[in-house]
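Numbering (this note's numbering), first residue to last: 19 to 123.
Quick reminder that beta carbons are idealized off the backbone N, C-alpha and C, glycines included.
Just so it is clear, the structure is predicted and the values come from calculations on it, not from any experiment.
Read the structure below first, then the notes.
Structure (structure tokens):
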């Protein structure tokens with residue numbers, strides 16, 4: 019995560035990045051190996067998507083922290099619904115876009 023300069027982003031973004039660090043260091047053993055793998059997979063999904071969101075937030079120079087809060091809720095909701103095919107991108111008008119990839123598009 020060294021590619022994101024935390025001095026250039028808001029306190030809310032810093033809080034999200036710190037929660038990502040906690041996900042990285044959480045290596046407590048789970049009940050079974052399948053459960054451990056599933057937890058690591060979920061942590062990696064959230065970590066990657068939140069990193070993407072924070073990176074775009076900083077790059078686009080957003081100041082409204084509600085963008086990060088809403089985006090993180092969408093990401094967690096997608097994980098809860100097991101919709102792991104989401105992408106985070108930007109539009110031509112410098113807006114953050116969170117969408118699902120579907121076959122044939």
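Going by DSSP, what residue range makes up the beta strand (DSSP E) through residue i?
i: residue 115; result: 114-118
i: residue 105; result: 104-108
If you compare alpha carbons, which of the options is closest to residue i?
i: residue 114; options: 90, 102 and 100; result: 90
i: residue 65; options: 97, 88, 84 and 29; result: 97
i: residue 69; options: 33, 111 and 109; result: 33
i: residue 29; options: 62, 63 and 76; result: 76
Tell whether a beta-carbon distance below 7 Å holds between residue i and residue j.
i: residue 67; j: residue 93; result: yes
i: residue 119; j: residue 95; result: no
i: residue 117; j: residue 101; result: no
i: residue 74; j: residue 108; result: yes
i: residue 112; j: residue 78; result: yes
Starting from residue i, trace the alpha helix (DSSP H) both ways and give me its first and last residue.
i: residue 87; result: 84-98
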